[in-house]
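K.L.:
For reference, the structure I am asking about is given below.
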Amino acid sequence: LILLACGSFNPITNMHMRLFELARDHLHQTGQYQVIEGIISPVNDDYRKKGLVSARHRIAMAKLALETSDWIRVDPWESEQETWMETVKVLRRYNDECCSIDFDERDSSVLGLTQWAANKKWRENKKKCTSEVSFLVIIQVLPELKLLCGADFLQTFKTPNLWKEEHIKEIVEKFGLVCISRAGSDPAQYINESDLLTKFQHNIFLVKEWIQNEISATQIRYALCRGLSVKYLVPDSVISYIAHHNIYTEESERKNEGDLLQPLKLH
Numbered sequence: 001l002i003l004l005a006c007g008s009f010n011p012i013t014n015m016h017m018r019l020f021e022l023a024r025d026h027l028h029q030t031g032q033y034q035v036i037e038g039i040i041s042p043v044n045d046d047y048r049k050k051g052l053v054s055a056r057h058r059i060a061m062a063k064l065a066l067e068t069s070d071w072i073r074v075d076p077w078e079s080e081q082e083t084w085m086e087t088v089k090v091l092r093r094y095n096d097e098c099c100s101i102d103f104d105e106r107d108s109s110v111l112g113l114t115q116w117a118a119n120k121k122w123r124e125n126k127k128k129c130t131s132e133v134s135f136l137v138i139i140q141v142l143p144e145l146k147l148l149c150g151a152d153f154l155q156t157f158k159t160p161n162l163w164k165e166e167h168i169k170e171i172v173e174k175f176g177l178v179c180i181s182r183a184g185s186d187p188a189q190y191i192n193e194s195d196l197l198t199k200f201q202h203n204i205f206l207v208k209e210w211i212q213n214e215i216s217a218t219q220i221r222y223a224l225c226r227g228l229s230v231k232y233l234v235p236d237s238v239i240s241y242i243a244h245h246n247i248y249t250e251e252s253e254r255k256n257e258g259d260l261l262q263p264l265k266l267h
């Protein structure tokens with residue numbers, strides 16, 4: 001299984017990375033999934049969110065933050081498109097990419113009986129068998145893709161004109177969600193209040209964060225604008241990058257002020 005997180009990451013925080021760890025633990029504990037990769041996809045600048053700094057900086061900060069991870073990576077594809085695109089289109093792109101993976105020896109250690117493993121086993125059997133005909137069923141496992149998010153993400157489905165109904169349906173039906181709870185949020189209630197989410201609740205994984213961690217990127221930016229320390233909330237490498245490029249200022253917080261979010265303009 002592959003986890004994809006879309007969002008601003010403005011800037012990336014320790015909590016963003018914790019979401020992936022929590023989700024992986026939960027999915028492994030079900031005994032039904034093995035998480036093989038996590039992908040962070042920062043939103044395009046054209047999203048027009050207030051205070052959204054250049055994707056160039058957001059990508060660079062995410063890369064620095066993920067240097068210590070051996071399974072999560074940042075992908076700039078979404079941010080490099082000519083304009084903002086709906087989340088469902090980003091999911092489709094990564095789903096197409098996942099389904100065209102060429103499995104090799106490296107994958108055999110995590111994905112079970114792949115083509116490589118099957119061929120190896122066939123060669124072993126061939127040595128043992130002389131007059132017998134040996135049959136081997138080759139099972140090629142393609143990973144699933146699920147959208148990773150905070151539980152309050154479910155609440156945004158109710159925001160008028162922010163989401164298309166058919167896009168919500170495709171996300172929860174075809175891909176599925178892994179939602180990490182936050183203090184004060186009740187994701188189960190969000191699901192119960194929606195006929196569509198209730199219908200596909202089997203494809204929505206709710207993960208409880210027992211050690212509450214309420215790091216907010218918005219609050220991080222406010223602290224930086226005031227010259228306050230954000231050490232231990234954001235990786236040191238990211239803090240150094242922010243300071244070196246003087247990214248978060250009162251001026252940057254006014255960027256896109258008064259603009260409508262791009263999806264609200266389109267819908």
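All the letters of the sequence shown, read from the start, carry residue numbers 1 to 267 under full-length UniProt numbering.
All C-beta atoms in this analysis are idealised placements derived from N, C-alpha and C, irrespective of residue type, glycine included.
For residue 149, write down the residues that DSSP places opposite it in a beta bridge.
P.N.:
Partner(s): 179.
K.L.:
Can you list, in chain order, the residues of its chain with a C-beta nearer than 7 Å to that of residue 238? Leave out the 5 residues immediately preceding and following it.
P.N.:
So the list reads 11, 12, 61, 64 and 65, once near-sequence residues are dropped.
K.L.:
For the candidate residues 208, 210, 188 and 209, whose alpha-carbon lies nearest to that of residue 200?
P.N.:
Cα-wise, what sits closest to residue 200 is 188.
K.L.:
So, helix, strand or coil for residue 205, using DSSP?
P.N.:
Residue 205 falls in the strand class under three-state DSSP.
K.L.:
Would you say residue 148 and residue 55 are within 8 Å of each other, going by their C-beta atoms?
P.N.:
It is not a contact, given that the beta carbons lie outside the stated cut-off.
K.L.:
Could you work out which residue in 28, 9, 39 and 48 is closest to residue 256 when comparing CA atoms only?
P.N.:
For residue 256, the nearest C-alpha among the options comes from 48.
K.L.:
Measuring alpha carbon to alpha carbon, tell me which residue in 202, 166, 219 and 249 is nearest residue 89.
P.N.:
Checked all of 202, 166, 219 and 249; the closest Cα to residue 89 is 166.
K.L.:
Is the CB-CB distance between residue 36 and residue 1 below 8 Å?
P.N.:
In this structure, residue 1 lies closer than 8 Å to residue 36 by Cβ.
K.L.:
May I have the straight-line CA-CA distance separating residue 51 from residue 68, to the nearest angstrom?
P.N.:
In a straight line, the C-alpha of residue 51 is about 28 Å away from that of residue 68.
K.L.:
Below 8 Å on the Cβ atoms is my contact criterion, and I expect residue 146 with residue 3 to pass it. Report the Cβ-Cβ distance as a whole number of Å.
P.N.:
Correct: roughly 6 Å between the Cβ atoms.
K.L.:
Report whether the distance from the Cβ of residue 78 to the nearest heavy atom of the ligand PLP is below 7 Å.
P.N.:
This structure simply doesn't include the ligand PLP, nor any ligand for that matter.
K.L.:
Which stretch, first to last residue, makes up the alpha helix (DSSP H) that contains residue 264?
P.N.:
Looking at the DSSP string, the run of the alpha helix (DSSP H) that includes residue 264 is 262 to 266.
K.L.:
What does the alpha-carbon distance come out to for the pair residue 58 and residue 247?
P.N.:
If you take the alpha carbons of residue 58 and residue 247, they lie about 10 Å apart.
K.L.:
Considering only the alpha carbon of each residue, which of 14, 206 and 7 lies closest to residue 236?
P.N.:
The shortest C-alpha separation from residue 236 is found at 14.
K.L.:
Considering only residues of the same chain and omitting the five flanking positions on each side of residue 95, which have a CB-CB separation below 6 Å?
P.N.:
Result list for residue 95: 145, in chain order.
K.L.:
Per DSSP, residue 7 forms a beta bridge with which residues?
P.N.:
DSSP lists 42 as partners of residue 7.
K.L.:
Using a Cβ-Cβ cut-off of 6 Å (strictly less than) and excluding sequence neighbours within five positions of residue 205, which residues of its own chain qualify?
P.N.:
Excluding positions up to five away in sequence, the list reads 178.
K.L.:
So is residue 53 buried or exposed if we call it buried at 16+ other beta carbons inside 10 Å?
P.N.:
It counts as buried.
K.L.:
Using the C-alpha atoms, what's the distance from residue 20 back to residue 72?
P.N.:
If I take the Cα positions, the gap works out to 8 Å.
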